[in-house]
Amino acid sequence: MQEVLTLIEQKKQEYAQLPLFNFMRDKTINHRQRLAWAPCAAHFIMNFAELNKYFLRVEPTNDPIQRLINKHTYEDDHHWLWFLEDMKNLELDKSLKFSEALKFLWGEETKNARWLNYQLYRYTSQATPIQKIIVIEVTEATGNIMFSATAEICKEVKVITEKPCRYFADFHLDVETGHITGASGIEGILQHIQLSEVTRQEAFELVENLFTVFTQFTSDLLVYAETHEIEQKLKAA
Ligand SMILES: [Fe+2]
């Protein structure tokens, strides 16, 4: 299992090199424009709660790893509320007709956000606790890179508007404890799990596939931010 965790760490470093993160660090671009991709991520962010509730969580359970996963799902199943709050505070909460909102959420430019959800459902549906841990670890790894970048922008926004963000800010980064495997005792347990050759190969493949869909999703966010100019006025609180 340790080799799988090492691969996740390697892929995380590669993920951190994606152009979206350079774009978000580029202070020559307006801070809100650097977060202009947020609506494009809505499908994924809003569905994340249900991934936790309906796919990752299994109750009751006698499996110690599943028990840990269950605990994790209660932490991560309501963060979408903070996303809605941030959309308001960042003034990205524009009005749309219901039909237009549906077209946007199921449209071409947001298709990789949906595809990411479908793949996460696929890999967690009737999965073993180990497979679920891998999904959680990859999600946390990509989330950690993403929120580290957004949190810096939120600091700039707060100075200007005095409106604190939560989903995209340090607040979120701080409650995500980093790794489920960092939870007491579990790291040692996971590291010492011996996977069969077949299971290890499947785990490697799962990690690769997950990073591929996260990368497609992240690349689309950049395309969206670069092609959707936001209104630049931002009201002070
Ligand atoms: Fe979260």
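Numbering (the working numbering), first residue to last: 1001 to 1237.
Positions of the beta carbon are idealized from the N, C-alpha and C atoms, including for glycine.
Ordered along the chain, residues surrounding ligand 1 are Asp1076, His1079, His1172 and Glu1176 [Cβ under 6 Å from any heavy atom].
Pairing methionine 1001 with leucine 1190 gives a Cβ-Cβ distance under 8 Å. As the crow flies, the alpha-carbon of aspartate 1077 is around 26 Å from that of valine 1004. Looking from the CA of phenylalanine 1168, the closest CA among Trp1037, His1192 and Leu1007 belongs to Trp1037. With respect to glutamine 1017, asparagine 1112 sits apart: the two C-beta atoms are not nearer than 8 Å. Annotation for serine 1099: the continuous alpha helix (DSSP H) segment containing it runs 1098-1105.
In this structure, the CA atom of tyrosine 1224 is about 13 Å from the CA atom of methionine 1024. Measuring C-alpha to C-alpha distances from histidine 1031 to each of Leu1116, Asn1047, Glu1091 and Glu1109 identifies Glu1091 as the nearest. In the three-state reduction of the DSSP assignment, arginine 1025 falls in the helix class. Our two residues, valine 1198 and isoleucine 1134, have alpha carbons roughly 16 Å apart in a direct line. Boundaries for phenylalanine 1168: no alpha helix (DSSP H) harbours it, and the DSSP string shows neither H nor E there.
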